[in-house]
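Visitor:
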Amino acid sequence: MIWNVDAETMGTGERRALQSQRLAETVRWTTERVEFYRRRVQKPVARLEDLATLPFTRKSDLREHYPFGLFAVPRTELVRIHASSGTKGKPTVVGYTRADLDIWREVMARIMVAAGARPGHTLHNAYGYGLFTGGLGFHDGGERIGMAVVPVSSGNTARHHLLLQDFRPEGLAATPSFALHIAESFAAAGGAPDSLGVRYGMFGAEPWTEAIRAALERAWGCPAYDVYGLSEITGPGVAGECEARDGLHVTDDHFLPEIVDPETGAPCGDGVQGELVLTTLTKRALPMLRYRTGDITALTSAPCRCGRTSARIARLKGRADDMLVIKGVNVYPSEVEAALLAVEGLEPHYQLVVDRRATLARVEIHVEPSGGAHDADALRTLITDRLRTAIGLSVDVHLAAPMSIPRSEGKAVRVRLIDSSP
Ligand SMILES: [Zn+2]
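All the letters of the sequence shown, read from the start, carry residue numbers 3 to 424 under the numbering used here.
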């Protein structure tokens, strides 16, 4: 089933014409209404080919114009405001008109249907509700499809166990780390998460590897689908996997993707890895021209066997700003994760502790052996070897006691940095 056949399977020429027309309209809309863009956009844009002439927008621009400085409509036209958690200072604030919310629901419906959601299904929505866009994004998408949405939110795992057992939802939506935590704690309480009848899981809001996918599918006994989005663009619904699970389809009649070199900003060709940049094509309250997502991926426009014709992005490698430089080596936490989870006998939970107090950062990896007997020295040596091969670094391995690594009830914190400042 395809939610919106016209939009999701249109021909290349038709798609490009629509994108061109909407891009020109968006540039006109932003330059007429937002001082920030009026100052920076030199000339009108008429074609897709002109995209690269537009300036980038960065997260810092949102912070500098906190809270509403980049908005293109008066506040009386807003019907919803979300915000980031603002762990590094002021939150980034995003807003929606009624039409913006309609589009958000539409793209969520497309992506959820691609993962198996159907009218009449029940959705267990374990994304956090609140200022974070995950909870309400899936909520609205599920209602648009005609699902019975259970807005259970994150936290309180005992309640999740009860409702999953008693409501028997077909669909599960959560961050991958929290979904693992629900399954693990359910199993520890004597339950069998893979016998609950969940038929598909939709996971996102943090980068996750194929190894985590395998762990999720084993735990829940159903396929795990990747969903991508960010609040600055709309929230979840920017891209998602279909049954082919060969990249994430971008809802590119609403959000135009391009890949640029993260250092120089120069556009990259099809299949070349770089930073994902997105331009909103239909948003009215907070339109974004060439927003630097910081996410590292590659783009392909090759046909997909599901029949959808939109561009696809590869699963994320991580964010450019998540990349750690340790002893001069570039390390993505996702590479560490892939190497760790390939080791037999480890739980899918870990923490990378980077101590930056010395001149040369010290790295310790905390892992949890699964229950049962294991040879601690052999396990430590095996993990050290695997990590050296994967990331080219020697890392101290610390075997943690069962259940001692913090489980996430929202977005997982995999990296702990210890700096000299408190
Ligand atoms: Zn597909």
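Cβ coordinates follow ideal geometry from the N, Cα and C atoms, glycine included. Only a predicted model underlies this, so the values are computations on that prediction, with no experimental measurement involved.
Check whether the Cβ of Ala246 sits closer than 7 Å to any heavy atom of ligand 1, and report yes or no.
Guide: The beta carbon of Ala246 sits closer than 7 Å to at least one heavy atom of ligand 1.
Visitor: With a threshold of 7 Å, establish whether the CB of Arg310 neighbours any heavy atom of ligand 1.
Guide: For Arg310, the Cβ falls inside the 7 Å cut-off from some heavy atom of ligand 1.
Visitor: So within the region 97-171, which uninterrupted beta strand (DSSP E) runs reach at least 3 residues, ignoring any that extend past its ends?
Guide: 124-127 and 150-152
Visitor: For the structure I just gave you, are there three or more beta carbon pairs, one from the region 173-187 and one from the region 201-213, closer than 8 Å?
Guide: yes
Visitor: What beta strand (DSSP E) runs, 3 residues minimum, are completely inside the region 281-323?
Guide: 293-299
Visitor: Using beta-carbon positions only, say whether Leu64 and Leu72 come within less than 8 Å of one another.
Guide: Result yes, Cβ atoms of Leu64 and Leu72 sit closer than 8 Å.
Visitor: If you draw a straight line from the C-alpha of Pro424 to the C-alpha of Arg359, how long is it?
Guide: Note that Pro424 scores 43 on pLDDT, short of 50, meaning its location in the model is unreliable and no value can be drawn from it.
Visitor: Take the Cβ of Lys319 as the centre, count every other Cβ of all protein chains shown within 10 Å, and call the residue buried at 16 or more, exposed below.
Guide: buried
Visitor: Compute the distance between the beta-carbons of Glu260 and Pro269, then report whether it is under 8 Å.
Guide: Contact flag set, yes.
Visitor: For a minimum of 3 consecutive residues, which ranges assigned as the beta strand (DSSP E) are wholly contained in the region 391-416?
Guide: 398-401
Visitor: What's the call for Leu138, buried or exposed, on a 16-neighbour Cβ count within 10 Å?
Guide: buried
Visitor: Rounded to whole angstroms, what's the CA-CA distance from His251 to Pro93? Just pull it up for me.
Guide: The straight-line gap from Cα to Cα measures roughly 29 Å.
Visitor: Could you have a look at Glu346 and say whether DSSP puts it in helix, strand or coil?
Guide: Glu346: coil per DSSP, three-state reduction.
Visitor: When burial is assigned at 16 or more other CB atoms within 10 Å of the CB, is Ser406 buried or exposed?
Guide: It is exposed - the Cβ of Ser406 has fewer than 16 other Cβ atoms within 10 Å.
Visitor: Going residue by residue through the region 16-90, where are the continuous alpha helix (DSSP H) segments of at least 4 residues, counting only ones entirely within it?
Guide: Runs found: 37-42 and 61-66.
Visitor: Between Arg294, Glu10 and Thr281, which lies nearest to Pro264 when the distance is taken from Cα to Cα?
Guide: Closest by alpha carbon: Arg294.
Visitor: CB of His251 to nearest heavy atom of ligand 1: below 7 Å?
Guide: His251 has its Cβ nearer than 7 Å to a heavy atom of ligand 1.
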